[in-house]
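K.L.:
Below are the structure tokens for one structure; questions will follow.
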Amino acid sequence: MERLKVILMGSGALACPLLEGILAAGRDDLVAVVTQPDRAGGRGMQSLPCVVKTLAQSRHLPVFTPDNASGDDFVSQLAALQPDVVVVACYGQFLKRNLLAVPRIGTINVHPSLLPKYRGASPIQWALANGESETGVSVLYVTPKMDAGDILAQEKFTILPNDDFASLEPKLAAKGAELLVRVLDGFRAGTTQGIPQDETQVTFARKLAKEDGLVDWSLPAEAIRNQLRGFSPWPGAYTFLPGGILLKIHEAKAEAGAGALPGTVLEAAGAGPLVATGRGALRLTQVQPAGKKSMPGAAFLCGHRLQVGERWGAGP
Numbered sequence: 113m114e115r116l117k118v119i120l121m122g123s124g125a126l127a128c129p130l131l132e133g134i135l136a137a138g139r140d141d142l143v144a145v146v147t148q149p150d151r152a153g154g155r156g157m158q159s160l161p162c163v164v165k166t167l168a169q170s171r172h173l174p175v176f177t178p179d180n181a182s183g184d185d186f187v188s189q190l191a192a193l194q195p196d197v198v199v200v201a202c203y204g205q206f207l208k209r210n211l212l213a214v215p216r217i218g219t220i221n222v223h224p225s226l227l228p229k230y231r232g233a234s235p236i237q238w239a240l241a242n243g244e245s246e247t248g249v250s251v252l253y254v255t256p257k258m259d260a261g262d263i264l265a266q267e268k269f270t271i272l273p274n275d276d277f278a279s280l281e282p283k284l285a286a287k288g289a290e291l292l293v294r295v296l297d298g299f300r301a302g303t304t305q306g307i308p309q310d311e312t313q314v315t316f317a318r319k320l321a322k323e324d325g326l327v328d329w330s331l332p333a334e335a336i337r338n339q340l341r342g343f344s345p346w347p348g349a350y351t352f353l354p355g356g357i358l359l360k361i362h363e364a365k366a367e368a369g370a371g372a373l374p375g376t377v378l379e380a381a382g383a384g385p386l387v388a389t390g391r392g393a394l395r396l397t398q399v400q401p402a403g404k405k406s407m408p409g410a411a412f413l414c415g416h417r418l419q420v421g422e423r424w425g426a427g428p
């Protein structure tokens, strides 16, 4: 059966297992990898390559890093490779019609949600923050409308109670690699067909903002804990102590608690502060004061004199 010429476009960690999956299957030719230009970061703001570029170079694959992937010059470069399929995953640029028209079969996307739910930039984070018990991976055709193309493959995935972004993303990425190989096999066999999405069931997962991490103590304790799971490592979850002192919250447990206004410190002992919420209370077991390293809640209590009854809130 004829091998497909595949180009992978991706910049986030989700793209790395896809690259490895195509190579491991060995049934198609990965002719190039397209990723974002190097960005300044780290100490000294040195120019740093993204993880996808580093991995591709270690596999001796051609790598392109265009500033504008839909620019005419780069689209011509891409067309010269005569790809059958372009695979997109967390690439970070909007792709225009001129690029989408390059591959013989089509441009496809591996998206970590059960489309049409959670279209957009942050599907894993919002599924966790909203307390979903399941999510999934969808492989779909890319169209000019965001995440709206026909679905080629989809599989559900259970979200465990203690899953957070760091644990869930790699599991979904591995599942995405499996589905991608299956779709490519179907293209070669001529058996893959797309299914239109149900537009009445669409929800969106907008890009996260720093402000999303500010804890709203009027929410139920479990809802706040879910936000901790979804918003780690960025933007994280944070609150302000009396005097406008910033406190980042890394881990917490929902507990019983009643009779106080949301944001009120109920206990300043044990495994960490116990803070009242809109329903129940939250035990902060891992926190990070401004300018300090992350520490257990108990250690935070030893170094900070909290008063039972004080209220935490929105800021200075």
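Mapping of the sequence shown onto my numbering: residues 113 to 428, in sequence order. For every residue, glycine included, the Cβ atom is placed at its ideal position computed from N, Cα and C.
Using the beta-carbon count (16 or more within 10 Å), is P256 buried or exposed?
P.N.:
Sequence index remark: in the sequence shown, residue 256 carries index 144 (1-based). Counting Cβ neighbours within 10 Å, P256 comes out exposed, since fewer than 16 surround it.
K.L.:
Report the three-state DSSP secondary structure of G156 (helix, strand or coil).
P.N.:
In the sequence shown, counting from the first residue as 1, residue 156 sits at position 44. Any reading at G156 must be qualified, since the residue scores a pLDDT of 48, below 50, and its modelled position is unreliable; the value itself is stated next. Here G156 sits in helix by DSSP.
K.L.:
Can you tell me whether DSSP reads R417 as helix, strand or coil?
P.N.:
Counting from 1 along the sequence shown, the entry for residue 417 is found at position 305. Coil, per DSSP.
K.L.:
Is DSSP giving P437 helix, strand or coil here?
P.N.:
It is not possible to answer for residue 437, since the shown part of the chain is limited to 113 through 428.
K.L.:
Taking the runs of the beta strand (DSSP E) that are 3 residues or longer, which of them lie wholly in the stretch 153-204?
P.N.:
DSSP runs (the beta strand (DSSP E)) wholly in the stretch 153-204: 158-160 and 197-201.
K.L.:
Please identify the residue among D150, A286 and V118 whose C-alpha is closest to the C-alpha of P161.
P.N.:
Residue 161 sits at position 49 when you count from the first residue of the sequence shown. Of D150, A286 and V118, the residue nearest in Cα terms is D150.
K.L.:
Under a Cβ-count criterion, where at least 16 other Cβ atoms within 10 Å of its own Cβ denotes burial, should D185 be classed as buried or exposed?
P.N.:
Taking the sequence shown and counting its residues from 1, the one referred to as residue 185 is at position 73. When all chains shown are included, D185 counts as exposed.
K.L.:
If we call anything under 9 Å between Cβ atoms a contact, is T389 one with W346?
P.N.:
Taking the first residue of the sequence shown as position 1, residue 389 is located at position 277. Taking the first residue of the sequence shown as position 1, residue 346 is located at position 234. No, they are not a contact pair.
K.L.:
Given I307, which residues of its chain have a CB within under 7 Å of its CB, disregarding the five upstream and five downstream residues?
P.N.:
Taking the first residue of the sequence shown as position 1, residue 307 is located at position 195. If we look at I307 and ignore the five residues flanking it on each side, its Cβ neighbours are D262 and I263.
K.L.:
Which whole-angstrom value describes the C-beta separation of L126 and E281, a residue pair presumed to lie in contact below a C-beta threshold of 8 Å?
P.N.:
Taking the sequence shown and counting its residues from 1, one reaches residue 126 at position 14. Taking the sequence shown and counting its residues from 1, one reaches residue 281 at position 169. Contact holds; Cβ gap of about 7 Å.
K.L.:
Which residue from L291, R337 and R318 puts its Cα closest to that of P235?
P.N.:
Counting from one through the sequence shown, the residue named residue 235 turns up at place 123. Looking at the Cα atoms, R318 is the closest of the given residues.
K.L.:
Going along the chain, which residues of its own chain have a beta-carbon closer than 8 Å to the beta-carbon of D276, five neighbours each way excluded?
P.N.:
Position 164 of the sequence shown, counted from the start, is the residue given in the question as residue 276. So the qualifying residues of the chain are L240, L340, R341, G342 and S344.
K.L.:
Count the other CB atoms, across all protein chains shown, that sit within 10 Å of the CB of H172; report buried if there are 16 or more and exposed otherwise.
P.N.:
Working through the sequence shown from its first residue, we reach residue 172 at position 60. When all chains shown are included, H172 counts as exposed.
K.L.:
R139 to A168, Cα distance in whole Å?
P.N.:
Position 27 of the sequence shown, counted from the start, is the residue given in the question as residue 139. Position 56 of the sequence shown, counted from the start, is the residue given in the question as residue 168. Approximately 18 Å between the Cα atoms of the pair.
K.L.:
Tell me the residue span of the beta strand (DSSP E) that contains R231.
P.N.:
As a first step, residue 231 is located in the sequence shown; it is residue number 119 there, counting from the start. First-last for R231: undefined, no H or E at that position.
K.L.:
With N221 as the anchor, note down where its beta strand (DSSP E) starts and where it stops.
P.N.:
Sequence index remark: in the sequence shown, residue 221 carries index 109 (1-based). Counting along the chain, the beta strand (DSSP E) containing N221 begins and ends at G218 to H223.
K.L.:
To the nearest angstrom, how far is it from the Cα of A381 to the Cα of Y230?
P.N.:
Position 269 of the sequence shown, counted from the first residue, corresponds to residue 381. Position 118 of the sequence shown, counted from the first residue, corresponds to residue 230. Whole-angstrom Cα-Cα distance: 40 Å.
K.L.:
Using the three-state DSSP reduction, which class does K319 fall into: helix, strand or coil?
P.N.:
As a position in the sequence shown, residue 319 is number 207, starting the count at 1. K319 falls in the coil class under three-state DSSP.
K.L.:
Comparing C-alpha positions only, which one of F176, Q189, A321 and G384 sits nearest to P408?
P.N.:
Numbered from 1 along the sequence shown, position 296 holds the residue referred to as residue 408. Closest option to P408, Cα to Cα, is G384.
K.L.:
So what's L126 in DSSP terms, helix, strand or just coil?
P.N.:
To locate residue 126, count along the sequence shown from 1; it is residue 14. Residue state, collapsed to three classes: coil.
K.L.:
Considering Q398, what are the terminal residues of the beta strand (DSSP E) in which it resides?
P.N.:
In the sequence shown, counting from the first residue as 1, residue 398 sits at position 286. A393 to P401 is the span of the beta strand (DSSP E), which, as asked, contains Q398.
K.L.:
Ordered along the chain, which non-local residues of its own chain (more than five positions away) have a Cβ less than 6 Å from that of K165?
P.N.:
Counting from one through the sequence shown, the residue named residue 165 turns up at place 53. So the qualifying residues of the chain are T147 and V175.
K.L.:
Tell me whether Q339 sits in a helix, a strand or coil according to DSSP, three-state version.
P.N.:
By one-based count along the sequence shown, residue 339 stands at place 227. Q339 falls in the helix class under three-state DSSP.
K.L.:
Is there a C-beta anywhere in chain B that falls below 9 Å from the one on L280?
P.N.:
Within the model displayed, chain B is absent; a lone protein chain is all it includes.
K.L.:
Suppose contacts are defined by Cβ-Cβ distances below 9 Å. Is A411 in contact with L296 by that definition?
P.N.:
Taking the sequence shown and counting its residues from 1, one reaches residue 411 at position 299. Taking the sequence shown and counting its residues from 1, one reaches residue 296 at position 184. No, the pair does not count as a contact, with Cβ atoms beyond the cut-off.
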